Each structure stands twice: as structure tokens, then as C-alpha cells.
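S.K.: Shown below is the structure under consideration.
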Amino acid sequence: MKVKEAISKRRSIRKYSNQQVLDDVVKEIIQAGIWAPSGLNNQPWKFIVIKEQQHKQKLAQFTKYGGIIINAPVCVCVFLDKAKSYDRDKDVMAVGACIQNMLLCAHELGIGTCWMGEILNKKDAVGEYLRIDRGFELMAVISMGYPLKEVLRSSRRKLESFFLSV
Ligand SMILES: Cc1cc2nc3c(=O)[nH]c(=O)nc-3n(C[C@H](O)[C@H](O)[C@H](O)COP(=O)(O)O)c2cc1C
């Protein structure tokens, strides 16, 4: 798949079939994530892969979008590794690039994802539940699975509307 096609055809997928996502496929997706650029190449990311129903049920309680988590065969929690961090703004951006790489790679592999951010309102509680050291800060949960249906539409405002004039 061409990069431009992956960028424009990727959609947030919130309903998944029962088909499991193989561990190697999840690893391939995370591998794409870690090839993202980062300031000083500090690679300030960490991941937890969650597949167990009991953990998904619990994680779901921390966001109003919990239904997506419960329905997804796999969720990947993405953390900022504060020990690797040298500039918060840049490091958060790098983690965003890492996440986008993962979404695009997943799309190419036929796997739907949803980048879930609302859960960050309860990121400390999520960290406590997962018994994560406070040196790791939750940046997103990415739900993953084979899309239930071929869907979806999305839109963007017109390109011209994003330019500032000086
Ligand atoms: C930082 C961020 C946070 C998001 N948080 C959520 C979320 O908590 N729940 C959700 O269903 N979608 C979430 N999304 C997905 C957006 O709603 C989605 O990307 C947007 O509506 C555009 O749709 P598209 O991804 O299909 O193009 C998030 C996306 C980003 C980038």
C-alpha cells in the first residue's frame, strides 16, 4: 500500500470482529511505531499489550469509550518514558508520531484501530491499576482488531482553511 493511500484511507475503527490478532502482527505494528522520529533519537515510548478480558473490562471503566476497549481483541497502552524524556513537548510529539505510524501500519495489515485519548482524564488511575511506575505516563490506548464492516467516512476542513497569513 502506498503511504498516501494509507494516510487518506485509514479510519478510526470502533467495532471489531472476533478474529484474533496474532502476537506477531501486534509486534509488527509496534515495530512500525518505534521507527518514528524522536528528538535526539531518544525513543521515549513504552507499550503494554492487553488482551485479557478481565484487564480490558477494568480498563474500560476509565473511559466513556470503554465499549470500544471491551470489543477490541487487543489494546496497546502507549506511555511516555519520562526517564528518556529531554523536552516534554518534543517527546509528546514523538509519541504521537509513533502512534500514527502504528495506525498506518495496522491499516496496511487490514487491522482497524482507534486512538483513544479520552481515557487520559484518568491516566493516573490507569497507571495504578496496571501497577506502572510513575515514570511512565499514559499517552493513549490504541484499540485494535479486524474491522467488523467495511466502513466509514470521515472528513477534513478545506486545506486552505489551515493556512495562517502573515
Ligand atoms: C489524540 C486523539 C484522541 C482521540 N481520542 C478518542 C477517544 O477517546 N475515543 C474515540 O472514540 N476516538 C478518539 N479519537 C479518534 C478521533 O475521534 C478520530 O481520529 C477523528 O474523529 C477523525 O476520524 P478518523 O480517524 O476516522 O479520520 C482520538 C484521536 C486522537 C488523535
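Going letter by letter, the sequence shown gives residues -4 to 161 in our numbering. Where a beta carbon is used, it is the ideal one built from N, C-alpha and C, also for glycine. Computed from a predicted model, the values in this text were never measured in an experiment.
For Ile127, which three-state DSSP category applies?
M.R.: By 1-based counting over the sequence shown, the position of residue 127 is 132. Three-state DSSP puts Ile127 in coil, outside helix and strand.
S.K.: Look at the alpha carbon of Gly62 and the alpha carbon of Val161, and state the distance between them as a whole number of angstroms.
M.R.: Locating residue 62 in the sequence shown gives position 67, where the first residue counts as 1. Locating residue 161 in the sequence shown gives position 166, where the first residue counts as 1. In a straight line, the C-alpha of Gly62 is about 45 Å away from that of Val161.
S.K.: On the premise that Asp86 lies in contact with Phe131, defined as a C-beta separation below 8 Å, what is that separation, rounded to the nearest angstrom?
M.R.: Working through the sequence shown from its first residue, we reach residue 131 at position 136. Working through the sequence shown from its first residue, we reach residue 86 at position 91. 12 Å between Cβ atoms; not a contact.
S.K.: Kindly list the residues whose CB is nearer than 7 Å to the CB of Leu115, restricted to its own chain and excluding five residues on each side of it in sequence; keep chain order.
M.R.: As a position in the sequence shown, residue 115 is number 120, starting the count at 1. Leu133, listed in sequence order.
S.K.: Tell me whether Glu113, by its Cβ, gets closer than 6 Å to a heavy atom of ligand 1.
M.R.: What you label residue 113 is simply residue 118 of the sequence shown in a count that begins at 1. Because some heavy atom of ligand 1 lies under 6 Å away, the Cβ of Glu113 counts as near it: yes.
S.K.: Are there any heavy atoms of ligand 1 lying less than 6 Å away from the beta-carbon of Arg6, as far as the coordinates show?
M.R.: Residue 6 sits at position 11 when you count from the first residue of the sequence shown. At least one heavy atom of ligand 1 is nearer than 6 Å to the Cβ of Arg6, so yes.
S.K.: Rank Gly28, Lys53, Gln26 by C-alpha distance to the C-alpha of Lys117 and give the top, closest one.
M.R.: As a working note, residue 117 is residue 122 in the sequence shown. The shortest Cα separation from Lys117 among Gly28, Lys53, Gln26 belongs to Lys53.
S.K.: As an exercise, report each continuous beta strand (DSSP E) stretch of at least 3 residues that is fully enclosed by the stretch 92 to 140, in chain order.
M.R.: Runs found: 107 to 111, 131 to 140.
S.K.: Say the cut is 6 Å; is the CB of Trp110 nearer than that to a heavy atom of ligand 1?
M.R.: The count along the sequence shown starts at 1 and reaches residue 110 at position 115. Yes - ligand 1 has a heavy atom lying nearer than 6 Å to the Cβ of Trp110.
S.K.: Which term fits Glu99, buried or exposed, when burial requires 16 or more other beta carbons within 10 angstroms of its beta carbon?
M.R.: Here residue 99 corresponds to residue number 104 of the sequence shown, with the count starting at 1. In the sequence under discussion, the amino acid at residue 99 is Leu, which differs from the Glu named in the question. It is buried - the Cβ of Leu99 has at least 16 other Cβ atoms within 10 Å.
S.K.: Between which two residues does the alpha helix (DSSP H) holding Lys(-1) run?
M.R.: For the purposes of this step, residue -1 is taken as residue 4 along the sequence shown, with counting starting at 1. Residues -2 to 4.
S.K.: Give every residue of the same chain whose Cβ lies closer than 6 Å to the Cβ of Gln14, excluding the five residues on either side of it in the sequence, and list them in chain order.
M.R.: Here residue 14 corresponds to residue number 19 of the sequence shown, with the count starting at 1. If we look at Gln14 and ignore the five residues flanking it on each side, its Cβ neighbours are Tyr141.
S.K.: Phe42 by DSSP, collapsed to three states: which one?
M.R.: On the sequence shown, position 47 is the one that residue 42 refers to. Three-state result, Phe42: strand.
S.K.: CB-CB under 6 Å to His102, same chain, minus the five flanking residues each way: which ones, in chain order?
M.R.: Here the question's residue 102 lines up with position 107 in the sequence shown. Ala1, Arg5.
S.K.: Is Tyr11 near ligand 1, in the sense that its beta carbon is under 6 Å from a heavy atom of that ligand?
M.R.: In the sequence shown, the residue the question calls residue 11 occupies position 16. Every heavy atom of ligand 1 is 6 Å or more from the Cβ of Tyr11, so no.
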